[in-house]
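Engineer:
There are 2 protein chains.
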Amino acid sequence: MKYSKQRELILKTLQENVIHPTADEIYHLARKEMPSLSLATVYRNLNQLAENHVIRKIESLDGSVHFDHNLCNHYHFICTKCHKVYDVPYDVAPDLANKVLAKTGLWVENFDISFKGICQNCKKFN
Amino acid sequence: MKYSKQRELILKTLQENVIHPTADEIYHLARKEMPSLSLATVYRNLNQLAENHVIRKIESLDGSVHFDHNLCNHYHFICTKCHKVYDVPYDVAPDLANKVLAKTGLWVENFDISFKGICQNCKKFN
DNA sequence: GCAAAAATAATAATCATTATCACTTTTATG
DNA sequence: CATAAAAGTGATAATGATTATTATTTTTGC
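Have a look at this one:
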C-alpha cells in the first residue's frame with residue numbers, strides 16, 4: 052500500500068468516530084475536510100484497510116455494512132431504532148472459538164457477533 | 052396472512068433444505084415445481100414469514116442473506132470457501148443475552164452470531 | 001528527475017432487493 | 001352458492017449500495 056492523503060483522512064475519520072460509521076457516513080464526514088474526495092475512493096480504501104486488518108468490517112443485522120477501527124476482540128449491539136452500533140466487551144463470552152471447535156470440530160477463524168435490541172437512549176423516548 | 056400455494060411451496064422448499072438457502076436459491080428450487088413463480092413473490096413471502104417468526108433471516112458475513120427454518124436458539128458457522136451455512140448448537144454459549152444485560156445494561160431482543168472459517172468438507176480438498 | 005506502480009475522481013455498470021400495478025385468489029358473510 | 005373486500009401474484013420498473021472502468025494524477029525507488 053502506497054501512502055495517500057485520502058486514505059489517511061478516511062482512517063482518521065473512522066478513528067475519530069465512536070459510532071461505527073458506514074461507508075457513506077465516512078464519505079460525507081471526510082468530504083468536509085476534502086471536498087474533492089470520491090465515494091469510490093472511500094469504498095476502495097475501507098475495503099483495502101479491512102483486508103489488511105487495519106480496520107474491521109461489520110455486517111449488521113439489517114444488511115447494512117459498518118466499519119470499526121477497534122481490532123480487539125469484542126462484540127456489537129445494534130439498536131433496531133436508531134441503528135447505532137455499540138461495543139460489547141469480549142468478556143461476555145470469551146473463548147467462543149474454542150468452544151465451537153470442541154462441540155463441532157469446526158475451526159473458527161473469525162466471528163461476527165451482534166446483538167439486537169433497543170438502546171438505552173432510544174428507550175427514553177418511547 | 053391468507054393462504055397461498057406459493058407461500059406453502061416456498062416454506063416447504065426452505066424446510067426441505069438443510070443448506071440455509073438464499074432467496075434466489077429458493078426461487079430456482081421452487082420454480083422446478085411451479086414454473087410460473089415470480090422472484091418478487093419469493094422475496095415477499097420470505098420476508099413475511101420472517102416477520103411472523105415462522106422462519107428466520109440470517110445475514111452472512113459476506114453480506115449475503117440466507118433463510119433458516121429452524122427457530123430454536125442456535126448459531127451459525129459460515130464456510131468462507133463454499134459459503135455453506137452450518138448450525139452450531141446453542142449450548143456453546145447459552146444465556147448470552149443475560150450476560151450482555153449484566154455487563155452493559157442493554158436489553159437483547161435478538162442476536163445474530165456467526166462464526167467464520169473453512170468447513171471440514173472444504174478442508175479435505177485443500 | 002523519472003519511469004513504473006499504485007491511487008484518484010468521475011461515472012457507468014452490476015446486483016440484490018423493493019415498489020408498483022393490473023389482475024387473480026382467498027375467505028368471510030349473507 | 002354468490003360476491004365483494006382483502007390479500008396475494010407475476011411482471012417489470014425502480015432503488016440503492018457497492019464495484020468496475022478509465023483517463024489522469026501521486027507516490028516512490030533508483
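In order, the protein sequences belong to chains A and B. In this text, residue positions in the first sequence follow the working numbering: the first is 52, and each later residue adds one. In this text, residue positions in the second sequence follow the working numbering: the first is 52, and each later residue adds one. Beta carbons are placed, not taken as given, at the ideal position from N, Cα and C, and that holds for glycine.
1. Can you list, in chain order, the residues of its chain whose CB lies under 8 Å from that of C123 of chain A, leaving out five sequence neighbours each side?
2. Which two residues bound the contiguous alpha helix (DSSP H) that contains Y126 of chain B?
3. What residues in the stretch 147-165 of chain A have a beta carbon less than 8 Å from any beta carbon of chain B?
4. With distance defined between alpha-carbon atoms, name the residue in B:L80, B:L100 and B:C133 nearest to H170 of chain B.
5. What are the uninterrupted segments assigned as alpha helix (DSSP H) that are 4 or more residues long and contained completely in the stretch 70-126 of chain A, given in chain order?
6. For Y141 of chain A, which three-state DSSP category applies?
7. Determine whether the Cβ of T131 of chain B lies closer than 9 Å to any Cβ atom of chain A.
8. Which residues share a DSSP beta bridge with W168 of chain B?
9. So if DSSP puts V151 of chain B in a beta bridge, which residue, or which two residues, is it bridged to?
10. So E59 of chain B is in the alpha helix (DSSP H); what residue range does that whole segment cover?
11. Quick one: measure Cβ to Cβ for H117 of chain B and P145 of chain B, integer angstroms, because I've assumed they're closer than 8 Å.
12. So L88 of chain B packs on Q57 of chain B, CB below 8 Å; how close in whole Å?
13. Check the Cβ-Cβ distances between F128 of chain A and every residue of chain B, and say whether any is below 9 Å.
14. Where DSSP assigns a beta bridge to D163 of chain A, which residues make up the other side?
15. Would you please verify whether the beta carbon of C170 of chain B is less than 9 Å from any beta carbon of chain A?
Structural biologist: On the basis of the supplied data:
1. Y141
2. Run containing Y126 of chain B: none in the alpha helix (DSSP H); it sits in the beta strand (DSSP E), H125 to C130.
3. L147, A148, K150, V151, K154, T155, G156, L157, W158, V159, E160, N161, F162, D163, I164 and S165
4. The sequence as given places Cys at residue 170 of chain B; His does not occur at that position. Closest option to C170 of chain B, Cα to Cα, is B:C133.
5. 74-82 and 90-102
6. helix
7. yes
8. Reading off the sequence shown, one finds Gly at residue 168 of chain B, where the question assumed Trp. B:C130, per the DSSP bridge assignment.
9. Looking at the DSSP assignment, V151 of chain B forms no beta bridge with any residue, so it has no partner.
10. K56 to Q66
11. Going by Cβ atoms, the distance from H117 of chain B to P145 of chain B rounds to 23 Å, so no, they are not a contact pair.
12. 6 Å
13. yes
14. B:S165
15. yes
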